[in-house]
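> Note that the protein sequences, when read in sequence, are chains H and V. Just so we're aligned, residue 18 is where the first sequence starts under the working numbering, counting upward by one. Just so we're aligned, residue 1024 is where the second sequence starts under the working numbering, counting upward by one. Heads up, the beta-carbon is just placed ideally off N, CA and C, and yes, glycines get one too. All of these numbers come straight from a predicted model, not from anything done at the bench.
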Amino acid sequence: MAKYLLLKHYRGAPTEPGFEPMDRWTPEEITAHIQYMTDFADRLREAGEFVGENALAPDGMWVRYDGEGRPPVTDGPFAETKDLIAGYMIIDVDGPERAIELAGELSAAPGKDGKPIHEWLEVRPLYGEPSLVAE
Amino acid sequence: MPLDEALVRSLVPGVLGVLVRRGADFAAAEDAVQEALVEVVRVWPADPPRDPTGWLVTVAWRRFLDATRSEAARRRREERVEEEPAPGPVPEADETLQLYFLCAHPSLSPSSAVALTLRAVGGLTTRQIAEAYLVPEATMAQRISRAKRTIAGARLDRPGDVGTVLRVLYLVFNEGYSGDVDLVAEAIRLCRQLRAALDHPEVAGLLALMLLHAARRPARTAPDGSLVPLAAQDRSRWDTTAIAEGVQILQTALSRDRLGEYQVQAAIAALHADARSAAETDWVQIVEWYDELVRLTGSPVVRLNRVVAVAESDGPRAGLAALAELAPGLPRYAAVAAYLHERDGDPATAARLYAEAARSATSLPERDHLTREAARLRAAQLT
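Below, the structure is given as structure tokens:
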């Protein structure tokens, strides 16, 4: 029983050989890709392993504090970013092996010519509660 | 009259057992009992029944028949069920026990077994279980219905392995979040109920273990939410009633001379509970119990915990020597190593190891605690 974040980056980092940006796919290929994602989430729901998901808009910015009485400094929007988070999914599974198995499945989503995109997914454990029996 | 929820839920396994004995299949009977519990909340506060169990059996059975009737495809089963002579509505201890075994069935994954046990034996609603484990209610509902499908063919009349049941209860106790439903209290309640149905020293051992650890709960967290390690806990805040009960249950279990891992873990917890201050802890005896636990489980995690006890009993050098025999990849290895190096008078190495341990912690309070330990040692070196 552990929660994991599956982090999906806009450009599979590092980019796979033969990677084509989505706007150069056929409309049918885009539909098939989105359908794969939807089906994947549905399977997780059905398996009782789904916690949540969200897609993120690409146009964001960096913000930081700039000292007393001054407005925060902003940087962006990003023109060209190598590593931009596109979305995330949180799963609740029995252990790390299952999290890796599911991430592998999600990475097999079809892309150009219906071939798996082999996109890298970042898998990060969420912190749980400290266990009661410790010594 | 306010509803005694724990009392109501204690009736759940018995009522479910009666329905199954009358011929209802487990999955449908379990749904019917949950629906009856909804009625309890609606009706009992204003109009409490004289015979709560009988009331629950009647309502749950009616719900079961309604559900069966509403599905034309199941009509044949309904006829078969109604033809069978209805046994009396008196729950039997054996049935409660069989439910524990069924819900901890080896074909279920740990998370499924936990969820099913909390619902079918514990009488918690799907929503309560979902909230306790921080997942959406729909997800928990799917997990439970899948678990029911997995065990659909399993028979209810065979004795199972006590060990699997105890592992499920231990998981509920040890790995729950602290939300509205107190899973620690629920695990203790379920373990008590199991002990009433099954006379087994390891069931008693687990109950003792739970009571002894739960007793320290008020002292293990500071007001700001940070973790307080055992040695630094204010022992006057330990629950002495729970400790006394745990020790008494443990002693009775140990006297039967059928040792098991939960009794041994409880014995270690009892020795900690027995010390008026950390300095008065009987580490020599604790090491002996750890030797026993290593023999029983062979677990590397147990060996690592034993290292700490060895260091307390024979000094940090002995602890470091014992640590050298273990694999550095073990969870909490770096934290143990850090502690031993600090005790051995090497704060620089200890600080580095505490920082390393913080990076591999599995909970936020644990990470923050280890980070503070590293910071404390580094600050001391600067002065």
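Taking C-alpha atoms, which residue in V/L1353, V/L1157, V/S1386 and V/R1085 lies nearest to V/G1202?
Looking at the Cα atoms, V/L1157 is the closest of the given residues.
> Who are the near neighbours of V/W1306 in its chain, counting only those whose CB is closer than 6 Å to its CB and skipping five residues on each side?
Closer than 6 Å at Cβ, skipping near neighbours: A1332, E1335 and S1336.
> Is the segment 54-64 of chain H touching the segment 136-145 of chain H, taking contact as three or more C-beta pairs under 8 Å?
No: fewer than three Cβ pairs fall under 8 Å.
> Report the three-state DSSP secondary structure of H/V90 (helix, strand or coil).
If DSSP states are grouped into helix, strand and coil, H/V90 belongs with the strands.
> Cβ closer than 8 Å: which chain H residues qualify as neighbours of V/E1198?
Neighbours of V/E1198 on chain H, chain order: M18, G145, E146 and S148.
> Contact criterion: CB-CB distance below 8 Å. Does H/R141 meet it with respect to chain V?
Output row for H/R141: interface = no.
> Check the Cβ of H/F67 against every Cβ in chain V and list those closer than 9 Å, keeping chain order.
The contacting residues are V1158, P1159, A1161, T1162 and Q1165.
> Secondary structure at V/G1176, three-state DSSP: helix, strand or coil?
Of the three classes helix, strand and coil, the one that applies to V/G1176 here is coil, per DSSP.
> Given a cut-off of 8 Å on the beta-carbon distance, is the pair V/A1059 and V/R1092 in contact?
For V/A1059 and V/R1092, no; Cβs fall outside 8 Å.
> Here's the rule I'm using: 16 or more other beta-carbon atoms within 10 Å means buried, otherwise exposed. How should V/A1290 be labelled?
That one is buried.
> Quick one: does V/H1128 have its CB under 8 Å from some CB of chain H?
Not an interface residue.
> Since H/D111 meets chain V, which of its residues come closer than 8 Å, beta carbon to beta carbon?
What H/D111 touches in chain V: S1132, P1133 and S1134.
> Provide the residue span of the alpha helix (DSSP H) that contains V/W1006, from first to last.
In the structure as shown, chain V begins at 1024 and stops at 1406. Residue 1006 of chain V is therefore absent and cannot be evaluated.
> Compare the C-beta of V/P1388 against all C-beta atoms of chain H and say whether one is closer than 8 Å.
Closer than 8 Å to some Cβ of chain H, the Cβ of V/P1388 qualifies, so yes.
> Pick helix, strand or coil for V/V1038, following the three-state DSSP scheme.
Note: V/V1038 maps to helix in three-state DSSP.
> Determine whether the Cβ of V/T1148 lies closer than 8 Å to any Cβ atom of chain H.
No - not a single Cβ of chain H is within 8 Å of the one on V/T1148.
> Roughly how many angstroms lie between the CA atoms of V/D1070 and V/W1078, to the nearest whole one?
One C-alpha to the other measures close to 12 Å.
> Beta carbons nearer than 9 Å to chain H: which residues of the segment 1357-1388 of chain V have them?
The segment 1357-1388 of chain V vs chain H, Cβ under 9 Å: A1384, T1385, S1386, L1387 and P1388.
> Which residues in chain H have a C-beta closer than 7 Å to the C-beta of V/V1207? List them in chain order.
Per Cβ cutoff of 7 Å: L149.
> Does any residue of chain V bring its CB to less than 8 Å from the CB of H/L22?
So no, H/L22 is outside the interface.
> For V/Y1156, name the three-state secondary structure that DSSP assigns.
In this structure, V/Y1156 counts as coil in the three-state DSSP scheme.
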